[in-house]
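Novice: Okay, here's the structure, questions in a sec.
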Amino acid sequence: MKFIKTPVKGMCDMLPADMRLREHVLGMIKETYGACGFMQIETPVMEHIENLTSKQGGDNEKLIFKVMKRGAELQRALDKGDGELADNGLRYDLTVPLARYYANNKEKLPTPFKAMQLGNVWRADNPQKGRFRQFTQCDIDILGDDSSLAEIELITATATMLSKILAEANLNAFTIHINDRRMLAAAALTAGFEQEEIGGALISLDKFDKIGMDGIEKDLLESGYAPEKVEKYMAFYRSVRPGMEIADFCAGVNGKYLEARVGEALADIVGCVQPMLGEGVKIVFDPTLVRGMGYYTGPIFEVTLDGYNFAIAGGGRYDQMIGKFSGQNVSACGFSIGFERIVTILKDHEQGSFKLPEGSVAYLIGSKVPTARKAEVLAQAAEARKAGVVATVLPMSKNMKHQIELLEAEGFTKFEKIYE
Numbered sequence: 002m003k004f005i006k007t008p009v010k011g012m013c014d015m016l017p018a019d020m021r022l023r024e025h026v027l028g029m030i031k032e033t034y035g036a037c038g039f040m041q042i043e044t045p046v047m048e049h050i051e052n053l054t055s056k057q058g059g060d061n062e063k064l065i066f067k068v069m070k071r072g073a074e075l076q077r078a079l080d081k082g083d084g085e086l087a088d089n090g091l092r093y094d095l096t097v098p099l100a101r102y103y104a105n106n107k108e109k110l111p112t113p114f115k116a117m118q119l120g121n122v123w124r125a126d127n128p129q130k131g132r133f134r135q136f137t138q139c140d141i142d143i144l145g146d147d148s149s150l151a152e153i154e155l156i157t158a159t160a161t162m163l164s165k166i167l168a169e170a171n172l173n174a175f176t177i178h179i180n181d182r183r184m185l186a187a188a189a190l191t192a193g194f195e196q197e198e199i200g201g202a203l204i205s206l207d208k209f210d211k212i213g214m215d216g217i218e219k220d221l222l223e224s225g226y227a228p229e230k231v232e233k234y235m236a237f238y239r240s241v242r243p244g245m246e247i248a249d250f251c252a253g254v255n256g257k258y259l260e261a262r263v264g265e266a267l268a269d270i271v272g273c274v275q276p277m278l279g280e281g282v283k284i285v286f287d288p289t290l291v292r293g294m295g296y297y298t299g300p301i302f303e304v305t306l307d308g309y310n311f312a313i314a315g316g317g318r319y320d321q322m323i324g325k326f327s328g329q330n331v332s333a334c335g336f337s338i339g340f341e342r343i344v345t346i347l348k349d350h351e352q353g354s355f356k357l358p359e360g361s362v363a364y365l366i367g368s369k370v371p372t373a374r375k376a377e378v379l380a381q382a383a384e385a386r387k388a389g390v391v392a393t394v395l396p397m398s399k400n401m402k403h404q405i406e407l408l409e410a411e412g413f414t415k416f417e418k419i420y421e
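The sequence shown maps to residues 2 to 421 in the working numbering.
Structure below.
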């Protein structure tokens, strides 16, 4: 059997410099979110397959890495012929596991509960730059707060964190897009779509950045929706212009489908967040923002960075998900950071070669050095570490020049060569 030295497609080996950069960014995320009162938790990487296939994850449910049953249980499923072979799956995001976690531990947690999760997730996706099959997500969520203060806190905390990280690459211009799923639903209903057709209409609208208005119209017609509904729906969105006010959008939909408080709450969020943003950061109402997840029930948001054609963060309110686990709905709102994309951006701006601290020292010990001298060097390295210096002790290579070049590439600047 031939062994394969390259990673599985869509998954990456991390070199020491990669890990230093990643840990540095994770450190800033934990520090910023922790200062805002978010508490770090952890959930298992595997979830019950029933939870992952509950029609809450949108298209991500098509990308689940399923885990087969084991032993006699698997054999019974195979013998049955039509049974489900998988009972678990690798999580595709951190939100579904959080909902299960909260339903299971609610009595031990404060209300509202401000959660922070950082961990790997898996999707059987088509790998591309900044998009992997195994990747790290960084989420913050507020559970048990039905006021717009939850959205305000999530957005300002994330904007603060992104400003801090991106400043290291001399980037400061990014945009927070905001909308509300209830407003999107009201627009579809006003155009004549039935309640059960709203999801399909939003799937097409969600492709706006890729196919434009003409493409959305074609997509809706090819999906079999009545031409008169499509025509009215497209006329509404073709009237949308950059900078459109929330109140103007709400005025264009039938009032029986949208409570006035929905638009007012969204305006409240924008009004409170804008003064808290750093230079170059803005928050805008985006009527075409959809977000693909089926679990969103209210305000939704997404962050884009000037010069890049993908989002670097996104989230929204999902008030009905926890109730599916506990039988009682709990207000919930979250924001997820595109950690891998942010790391990719930092690398694009030459922040990827994150080196060891200045003054890091390598002690290179020759093959003929006696035990007593080795002990002295080891003690010297220990003293350096106590003083906060990175110190490594290594056997001297026959090709010492190449050895030192590789160590210099990692950030070592001092070398002690011990021959005897």
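Ideal Cβ placement from N, Cα and C applies to all residues, glycine included.
Give, in chain order, every unbroken run of the beta strand (DSSP E) that is at least 3 residues long and sits entirely within the segment 162-212.
Specialist: If we require 3 residues or more, the beta strand (DSSP E) runs fully inside the segment 162-212 come out as 175-181.
Novice: Could you name the residues that DSSP lists as bridge partners for residue 132?
Specialist: Bridge partners of residue 132: 129.
Novice: I need the straight-line Cα distance from residue 116 to residue 2, nearest angstrom please.
Specialist: Going by the C-alpha atoms only, they are around 46 Å apart.
Novice: Return the bridge partner residues of residue 317 from the DSSP annotation.
Specialist: DSSP lists 301 and 335 as partners of residue 317.
Novice: Going straight from the alpha carbon of residue 26 to that of residue 146, what length do you get?
Specialist: Approximately 29 Å between the Cα atoms of the pair.
Novice: Shortest alpha-carbon distance to residue 304 belongs to which of 277, 400, 336 and 107?
Specialist: The shortest Cα separation from residue 304 among 277, 400, 336 and 107 belongs to 336.
Novice: Looking at the secondary structure, which residues open and close the beta strand (DSSP E) in which residue 114 lies?
Specialist: Here the beta strand (DSSP E) through residue 114 covers 114-123.
Novice: Using a threshold of 7 Å, state whether the C-beta atoms of residue 143 and residue 334 are closer than that.
Specialist: Going by C-beta atoms, residue 143 is nearer than 7 Å to residue 334.
Novice: Which residue wins for smallest C-alpha separation from residue 267, given the options 255, 256, 242 and 288?
Specialist: Out of 255, 256, 242 and 288, 288 has the C-alpha closest to the C-alpha of residue 267.
Novice: How long is the line joining the alpha carbons of residue 187 and residue 141, rounded to whole angstroms?
Specialist: Roughly 28 Å separates the two Cα atoms.
Novice: Helix, strand or coil for residue 228 per DSSP?
Specialist: It is helical.
Novice: Please name the residue in 107, 262, 299 and 350 whose C-alpha comes closest to that of residue 152.
Specialist: The shortest C-alpha separation from residue 152 is found at 299.
Novice: Please classify residue 294 as buried or exposed, where buried requires at least 16 other C-beta atoms within 10 Å of its C-beta.
Specialist: So residue 294 ends up on the buried side.
Novice: Going straight from the alpha carbon of residue 358 to that of residue 407, what length do you get?
Specialist: Each residue's alpha carbon lies about 16 Å from the other.
Novice: Answer yes if the segment 32-45 comes into contact with the segment 68-80, meaning at least three C-beta pairs across the two stretches below 8 Å, and no otherwise.
Specialist: The segment 68-80 vs the segment 32-45: no contact.
Novice: Ignore the nearest five residues each way along the sequence and tell me which others in residue 226's own chain have a CB closer than 8 Å to its CB.
Specialist: The residues are 194, 198, 201 and 202.
Novice: Assign residue 353 to one of three DSSP states: helix, strand, or coil.
Specialist: Its pLDDT being 48, under 50, residue 353 is placed unreliably by the model, and nothing is read from it.
Novice: If you check the beta carbons only, do residue 317 and residue 292 fall under 7 Å apart?
Specialist: Yes, these two residues count as a Cβ contact at 7 Å.
Novice: Need the endpoints of the beta strand (DSSP E) that residue 284 sits in, please.
Specialist: Here the beta strand (DSSP E) through residue 284 covers 282-286.
Novice: If you run the structure through DSSP and keep just helix, strand and coil, what is residue 147?
Specialist: Note: residue 147 maps to coil in three-state DSSP.
Novice: Between which two residues does the alpha helix (DSSP H) carrying residue 365 extend?
Specialist: Note, residue 365: premise wrong, no alpha helix (DSSP H); beta strand (DSSP E) at 362-366.
Novice: Can you tell me where the alpha helix (DSSP H) with residue 20 in it begins and where it stops?
Specialist: Taken as a continuous stretch (DSSP letters only), the alpha helix (DSSP H) holding residue 20 covers 17-36.
Novice: For residue 156 versus residue 274, is the C-beta distance shorter than 7 Å?
Specialist: A contact, by the Cβ cut-off of 7 Å.
Novice: Let me confirm a value: residue 329 is counted as buried when at least 16 other C-beta atoms fall within 10 Å, else exposed. Which label applies?
Specialist: Its Cβ having fewer than 16 others within 10 Å, residue 329 is exposed.
Novice: Report buried or exposed for residue 215, applying the criterion of at least 16 other Cβ atoms within 10 angstroms of its Cβ.
Specialist: Answer is exposed; the Cβ neighbour count stays below 16.
Novice: Can you have a look at residue 264 and say buried or exposed, based on whether 16 or more other CB atoms are within 10 angstroms of its CB?
Specialist: Flag for residue 264 reads buried.
Novice: Name the DSSP bridge partner or partners of residue 141?
Specialist: Residue 141 pairs with 117 and 336.
Novice: Please report how far the alpha carbon of residue 262 lies from the alpha carbon of residue 389, in whole angstroms.
Specialist: Answer to the nearest angstrom: the Cα atoms are 56 Å apart.
Novice: Taking 7 Å as the threshold (C-beta atoms), are residue 93 and residue 124 in contact?
Specialist: Yes, they are a contact pair.
Novice: For the beta strand (DSSP E) that contains residue 393, what are its first and last residues?
Specialist: It spans 392-396 - the beta strand (DSSP E) in which residue 393 sits, taken as one unbroken run.
Novice: Classify residue 1 as helix, strand or coil using the three-state DSSP reduction.
Specialist: This structure cannot settle anything about residue 1, because the visible part of the chain is limited to 2 through 421.
Novice: Using a 10 Å radius around the Cβ and a threshold of 16 neighbouring Cβ atoms, would you call residue 401 buried or exposed?
Specialist: Exposed: under 16 other Cβ atoms inside 10 Å.
Novice: Which whole-angstrom value is the C-beta distance of residue 308 and residue 164, which I expect to be below 8 Å?
Specialist: Actually they do not touch by this definition, with Cβ atoms about 16 Å apart.
Novice: What are the start and end residues of the beta strand (DSSP E) that includes residue 68?
Specialist: Note, residue 68: beta strand (DSSP E), 67-69.
Novice: For residue 391 and residue 154, what's the separation of their Cα atoms in angstroms?
Specialist: The straight-line gap from Cα to Cα measures roughly 38 Å.
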